[in-house]
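Shown next, in structure tokens, is the structure this report addresses.
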Amino acid sequence: MKRWVGAHTCHRVLNNSSSNSKWIAKIVAARMTSSDVIKIHDIVVDIKSIYFVGITMNRAWKTKQISKALVESDATKQYTLLCRYSVELRRVNSWNNCKINVIRVGAIIQPRFESFYFFFNGLKGFTISCRPFIGVDECHLKKKYGGILLIDVGRDPNDQYYPLAFGVCETETKKSLRWFPTLLLEDIGQEKRWVFIFDHKRNSSLRERVDRWKHRIMRIPRLKLDKEVELDGNWIPNWFGETIWKVERFHTRHSFIVDISTRTCTCNFWELISIPCRHALSALGFRNQYPEDFVDDYYFKETYVTFYDFNISQINGQDMWPEVNIEEMLPPTYKKGLGMPKKLRRREHDEGPNKGRTQTSYCFINYGIHGNNARSCTSLVVDPEAQKRKKNQAKQNVARKSELRRSDKNKGS
């Protein structure tokens, strides 16, 4: 090299023969593993903005098909690793429970996946200090083979959700919904009378905040108690003997009977929530008693710490899982549903429809009357001021556009 000029005078060339569909598919497949929703136009824009390579829509479509095949082949391999995963869970903790159900048509044919259940022994703190309510929720798996993901959740002393067990099945049937809670009862025992509630909507845990909480009662139950304390001033207690009080509201005929010894109120709030209601708090305030002493022990911080005192054993990476001498199973058979796929969720019987345009009230600017607009208006009376404002606004828009054109011409010259 005799002379080197660092400044480029040539324009950028986006066409690159090395950017074939297989190379782009590796990039797109990494994105499709986290989200299946990717458009062909987005592939063209991303490759051009990140790698400065231009591709056609035809190549982007072919790239998406190759990427989809790569992702789905990886999903197929995941089913062959379930047996090794279950053995690894039992290796780190012998009390962990895993069950895999398969379908075998014949002795020669490979088994096919049907359902999967696993329970961590570290979640048994739920049985020590908990309320006997278990929610069963499910969601659809939007991958190639589909299926239903099931989860059992309970409530911790901070009134938040606590995961218990997980499972995967093909469809939401009576058989699967009966099979899943039955396995959970075998793990947590049947000493208590458990109540199962279906269709819980969320699951969360705030274990890391417990160390910062300095109060005796946990945060969410504390907020409920404080709300009742703010409203107890509107009620007047009247003593009826021993620990029974009749609580009345100012200038109304509303009244409730409170029994402090049995911790009951005719509004049923105290019995259901185990937190004193506003009627009971007015009686307790008259007796100079602290409301915290009548809150159930379930909401205390000590109970919360005991609740999360168990640990889930960690497992090794996938390459270190023990080998098993079990025949590899096939993924479940893909079953295409009838008709077009549904995009709207199933509504409950007590839910109303969404409000459309027919249920929305509109107002015509000329009159300020609801239920009327400029097209459907039949009145001959027109507000002249409103018409002037409309014309002036149009003139201002035209003048603004002409000024922008003049400024662009001056810059170009």
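Using the UniProt record's numbering, you'd call the opening residue of the sequence shown number 1 and step up by one each time. Note that CB positions come from ideal geometry on N, CA and C, so glycine has one too.
Suppose you measure from the CA of residue i to the CA of residue j; what does that come to, to the nearest Å?
{"i": "residue 128", "j": "residue 298", "result": "11 Å"}
{"i": "residue 346", "j": "residue 151", "result": "19 Å"}
{"i": "residue 173", "j": "residue 180", "result": "11 Å"}
{"i": "residue 220", "j": "residue 226", "result": "10 Å"}
{"i": "residue 79", "j": "residue 106", "result": "20 Å"}
{"i": "residue 304", "j": "residue 130", "result": "9 Å"}
{"i": "residue 315", "j": "residue 157", "result": "29 Å"}
{"i": "residue 394", "j": "residue 404", "result": "16 Å"}
{"i": "residue 9", "j": "residue 56", "result": "26 Å"}
{"i": "residue 86", "j": "residue 310", "result": "20 Å"}
{"i": "residue 18", "j": "residue 320", "result": "37 Å"}
{"i": "residue 231", "j": "residue 188", "result": "40 Å"}
{"i": "residue 397", "j": "residue 344", "result": "42 Å"}
{"i": "residue 97", "j": "residue 82", "result": "13 Å"}
{"i": "residue 228", "j": "residue 191", "result": "35 Å"}
{"i": "residue 200", "j": "residue 51", "result": "Low confidence applies to residue 200: its pLDDT is 41, below 50, so where it sits in the model is not reliable enough to give any reading."}
{"i": "residue 178", "j": "residue 273", "result": "29 Å"}
{"i": "residue 262", "j": "residue 90", "result": "46 Å"}
{"i": "residue 249", "j": "residue 233", "result": "9 Å"}
{"i": "residue 241", "j": "residue 132", "result": "35 Å"}
So is residue i buried or exposed if we call it buried at 16+ other beta carbons inside 10 Å?
{"i": "residue 205", "result": "Because the pLDDT at residue 205 is just 39, under 50, the model does not fix this residue reliably, and the value given afterwards should be weighed accordingly. Exposed."}
{"i": "residue 336", "result": "exposed"}
{"i": "residue 11", "result": "exposed"}
{"i": "residue 380", "result": "Because residue 380 sits at a pLDDT of 49, beneath the cut-off of 50, its placement in the model cannot be relied upon, and the point is left open."}
{"i": "residue 100", "result": "buried"}
{"i": "residue 95", "result": "exposed"}
{"i": "residue 353", "result": "exposed"}
{"i": "residue 162", "result": "buried"}
{"i": "residue 417", "result": "Here the chain covers residues 1 to 413 and nothing more, so residue 417 does not appear."}
{"i": "residue 318", "result": "exposed"}
{"i": "residue 419", "result": "Only positions 1 to 413 of the chain appear in this structure, which leaves residue 419 out of reach."}
{"i": "residue 35", "result": "exposed"}
{"i": "residue 208", "result": "In this prediction, residue 208 has a pLDDT of 48, which is less than 50 and means its spatial position is unreliable; nothing more can be read from the coordinates."}
{"i": "residue 399", "result": "exposed"}
{"i": "residue 254", "result": "exposed"}
{"i": "residue 5", "result": "exposed"}
{"i": "residue 67", "result": "buried"}
{"i": "residue 202", "result": "Interpretation of residue 202 is limited by its pLDDT of 38, a score under 50 that renders its predicted location unreliable; no figure is taken from the coordinates."}
{"i": "residue 136", "result": "buried"}
{"i": "residue 281", "result": "buried"}
{"i": "residue 13", "result": "exposed"}
{"i": "residue 256", "result": "buried"}
{"i": "residue 223", "result": "exposed"}
{"i": "residue 338", "result": "exposed"}
{"i": "residue 88", "result": "buried"}
Strictly by DSSP, which residues pair up with residue i?
{"i": "residue 138", "result": "150"}
{"i": "residue 232", "result": "According to DSSP, which records beta bridges pairwise, residue 232 is partnered with nothing at all."}
{"i": "residue 246", "result": "238, 257"}
{"i": "residue 304", "result": "Bridge partners of residue 304: none, in fact."}
{"i": "residue 162", "result": "154"}
{"i": "residue 169", "result": "115, 148"}
{"i": "residue 330", "result": "112"}
{"i": "residue 197", "result": "135"}
{"i": "residue 217", "result": "300"}
Excluding the 5 residues preceding and the 5 following residue i in the sequence, name in chain order all residues of the same chain whose CB lies nearer than 7 Å to its CB.
{"i": "residue 60", "result": "40, 43, 44"}
{"i": "residue 149", "result": "138, 139, 141, 168"}
{"i": "residue 26", "result": "none"}
{"i": "residue 23", "result": "none"}
{"i": "residue 239", "result": "245"}
{"i": "residue 277", "result": "228, 265, 267, 269, 270"}
{"i": "residue 116", "result": "82, 100, 167, 168"}
{"i": "residue 279", "result": "235, 247, 256, 258, 265, 267"}
{"i": "residue 147", "result": "141, 168, 169, 170, 332"}
Looking only at its chain, what residues have a beta carbon closer than 6 Å to the beta carbon of residue i, apart from the 5 residues adjacent to it on each side?
{"i": "residue 165", "result": "119, 152, 184"}
{"i": "residue 312", "result": "120, 122"}
{"i": "residue 76", "result": "331"}
{"i": "residue 286", "result": "237"}
{"i": "residue 143", "result": "75"}
{"i": "residue 93", "result": "121, 313"}
{"i": "residue 145", "result": "331, 332, 334"}
{"i": "residue 114", "result": "101, 102, 103"}
Can you give me the Cβ contacts of residue i inside the same chain, cut-off strictly under 8 Å, excluding the 5 residues immediately before and after it?
{"i": "residue 38", "result": "28, 31, 32, 64"}
{"i": "residue 323", "result": "84"}
{"i": "residue 283", "result": "237, 245, 247, 258, 260"}
{"i": "residue 111", "result": "102, 103, 104, 327, 329, 330"}
{"i": "residue 134", "result": "152, 153, 154, 164, 181, 184, 194, 195, 196, 197"}
{"i": "residue 264", "result": "258, 270, 271"}
{"i": "residue 217", "result": "225, 292, 295, 299, 300, 301"}
> Along the chain, which unbroken stretches of the alpha helix (DSSP H) at least 4 residues long are found entirely within the region 47 to 105?
Replying inline: 57 to 80, 82 to 92
> Which parts of the UniProt domain "SWIM-type" (256 to 288) are runs of the beta strand (DSSP E), unbroken and 3 residues or longer, counting only runs that do not cross its ends?
Replying inline: none
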